[in-house]
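Visitor:
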Amino acid sequence: ITFSFAVAALIEGRVDARWARIVRPWALAAWSFLTVGIALGAAWAYYELGWGGWWAWDPVENASLMPWLAGTAFIHSLRVMEKRDTLKAWTILLALMTFSLSLAGTFLVRSGVLTSVHAFAVDPERGVFILGILIAVIGGSLALYGLRASHLKPTGVFSEVSRESTLLINNLFIGAACALVFFGTFYPLFITTVSDETITVGAPFFNATFNPMMGVLFILVPVSGMLAWKRGKLKPVLRKLMPALAAALAAGVLALWIADRTRIAGALGTALAVWVGIGVLIDIAQRLKLGDIPLKASLSRAINLPLGIWGMAVAHFGLAITVFAITGVSAWKQETSAFLMPGQSLQIAGYTVELDDVRRFDGANYVAEEGRFAISRGQRDLGELVAERRFYPVRQMSTTESAIRTRGTGDLYISFGEPSRERGWPVHVYIYPFAMWLWIGSAILTLGGVLSIADRGRRALTARKAADTTDAARGAMS
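Numbering follows the working numbering, with no gaps: position 117 of the sequence shown is 110.
Below, the structure written as structure tokens:
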């Protein structure tokens, strides 16, 4: 829908604040669904595959991430355009690219050009058909953009220090990050096409390039929300954010002290999460004038605060929680594996995991092995966990039902594989700190998008009521 609006705007040559207001709810809805989709895909990988992870920079995962990044830049750019009637050409381009990257993801998933645990419905003929659509959509829209973009003249101006400037920087960083993911995803396919060489671009590349870029971007999040439109003052904003900076530094030092001191990335990720989270709370406190006016007045301001502001705050706070969770499961995870016979056990992070028994049974359309594990910590019995390994004969496909003990501080994660007659069953055990907060942070992030959509509906309802009141008053006067 947003793509159609963008193409229509190019054909008509009319792109203004009104266009941005009309498009924004649709863009937010699409972005919210993309967020939910990525979270569900990560949860599926985490709970069903049994490989001990939620994100592996798999090509199909990347294909879902790219339109989400472009869509994130788009909804921020729309806000600038709606408020200041500028960044017109850039906003239209983001609308075109978000949908084009969505189609590219469809092509990767369904064409069979790559092998992935997330790929499905592999059909080369269908892939050729989708490729034709892809060429028509991207080629046609970019050709139209090339012809008409020069007519999209901005009318708004803003200074170097303003919310518009920080949102523009936000767009540039997100755009560069999206380009990195695109390069890392498609470069191996390009090399395979033009030569006999096969290469893999994996997690080390993305961790070394994408993560630092997003880290710099997160620094700007609280600053951007507190700067004024058109012309802002940086020093007052930084002064107000000093508590957030102090809390971030303290959290980073504490994380470095408690956790593995060699993993600087864990401390940096924790500091960034606290910086964004506390910064959002300070921004809301400033808007409500907490402590400056009576509490009842602050509550009244909270009720009357536009849902769009609440949506922004909730989304950014959800982002902080997600960053914190990603830091925990990535920087501080622990893992061990061993071949176990029933009655044998292994140790990890103070836990004792003992394989009690393995049972084979037939399901409705699968054959399964069920492993029962007794969990204890010190002298305390923590109960039993059950993991399964399933094989579906019709599809010739295997899946794993991992055994997971979920707590707010972290997950104990167990999976097991095909047995060796002499050595027993290979058992893999992981400790994932704060894994549960991945799903909570994603849900809060999505809630921010929903609140922003609801703000549009509430404004439209208010405007309609005002119009009805005016009409009624005119009728009474006549």
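Where a beta carbon is used, it is the ideal one built from N, C-alpha and C, also for glycine.
Check this for me: beta carbons of F332 and D349, under 8 Å apart or not?
Guide: no
Visitor: Per DSSP, T393 forms a beta bridge with which residues?
Guide: R382
Visitor: How about G218 and D448: are their beta carbons less than 8 Å apart?
Guide: Contact: no.
Visitor: Return the CA-CA distance between E5 and V121, expressed in angstroms with no decimal places.
Guide: 32 Å
Visitor: Please check the pair T159 and L220, which I expect to be a contact at CB under 8 Å, by giving their CB distance rounded to whole angstroms.
Guide: Taking a contact as a CB-CB distance under 8 Å, the pair T159 and L220 counts as one, their CB atoms being some 6 Å apart.
Visitor: Measuring CB to CB, does I314 end up less than 8 Å from G410?
Guide: no
Visitor: What does a CB cutoff of less than 6 Å around L440 pick up in its chain, not counting 5 residues either side in sequence?
Guide: V307
Visitor: Could you check how far apart the C-beta atoms of A20 and L71 are, in whole angstroms? I think they sit under 8 Å.
Guide: Taking a contact as a CB-CB distance under 8 Å, the pair A20 and L71 counts as one, their CB atoms being some 6 Å apart.
Visitor: Can you give me the Cβ contacts of S173 inside the same chain, cut-off strictly under 6 Å, excluding the 5 residues immediately before and after it?
Guide: In the sequence as presented, Ser is not what sits at residue 173; that position holds Leu. Excluding residues within five positions, the ones whose Cβ falls inside 6 Å are T202, F203.
Visitor: I need the DSSP call for W325, collapsed to helix, strand or coil.
Guide: coil
Visitor: Mapping the DSSP letters down to three states, classify R72 as helix, strand or coil.
Guide: helix
Visitor: How should L378 be labelled, buried or exposed, when 16 other C-beta atoms within 10 angstroms of its C-beta is the threshold for buried?
Guide: buried
Visitor: Would you kindly work out how many angstroms separate the C-alpha atoms of T320 and S330, rounded to a whole number?
Guide: 23 Å
Visitor: Can you tell me the Cα-Cα spacing of F(-4) and G401, whole angstroms?
Guide: If you take the alpha carbons of F(-4) and G401, they lie about 40 Å apart.
Visitor: Going by the beta-carbon positions, is the gap between L86 and Y138 smaller than 8 Å?
Guide: yes
Visitor: Suppose you measure from the CA of A295 to the CA of L231; what does that come to, to the nearest Å?
Guide: When rounded, the distance between both Cα atoms is 24 Å.
Visitor: What are the boundary residues of the beta strand (DSSP E) that L339 is part of?
Guide: 338 to 341
Visitor: Report all residues from its chain with a CB closer than 8 Å to the CB of I397; omit the five preceding and five following residues, and keep chain order.
Guide: Hits under 8 Å: Y40, L378, D404, L405, Y406, I407.
Visitor: Rounded to whole angstroms, how far is the Cβ of A196 from the Cβ of W47, which I believe are closer than 8 Å?
Guide: Actually they do not touch by this definition, with Cβ atoms about 13 Å apart.
Visitor: Going by C-alpha to C-alpha distance, which of A318, E157, W430 sits closest to D78?
Guide: E157
Visitor: Residues in the same chain with beta-carbon distance under 6 Å from V422, minus the five sequence neighbours each way, listed in chain order, please.
Guide: T329, I341, V346, I407
Visitor: Just checking, does the stretch 231 to 240 make contact with the stretch 257 to 272 on the three C-beta pairs under 8 Å criterion?
Guide: yes
Visitor: The alpha helix (DSSP H) that contains A361, what's its start and end?
Guide: Unbroken run through A361 is the beta strand (DSSP E), 360 to 370; no alpha helix (DSSP H).
Visitor: Would you kindly work out how many angstroms separate the C-alpha atoms of A456 and G284, rounded to a whole number?
Guide: Reliability of the predicted coordinates at A456 is poor, the pLDDT of 48 falling under 50, and the value obtained from them is presented with this limitation in mind. Approximately 33 Å, taken between the alpha carbons.
Visitor: Decide if D189 is buried, meaning its Cβ has at least 16 other Cβ atoms within 10 Å, or exposed.
Guide: exposed
Visitor: Would M390 be called buried (16 or more neighbouring beta carbons within 10 Å of its own) or exposed?
Guide: exposed
Visitor: Could you pull out every residue in the same chain whose Cβ sits closer than 7 Å to the Cβ of P412, ignoring the five residues on either side in sequence?
Guide: W418
Visitor: With a floor of 3 residues, list each beta strand (DSSP E) that falls wholly inside the stretch 160 to 231, ordered by position along the chain.
Guide: none
Visitor: Cα-Cα, which of A243, I257, A13, E381 is closest to K76?
Guide: For K76, the closest alpha carbon among the candidates A243, I257, A13, E381 is that of A13.
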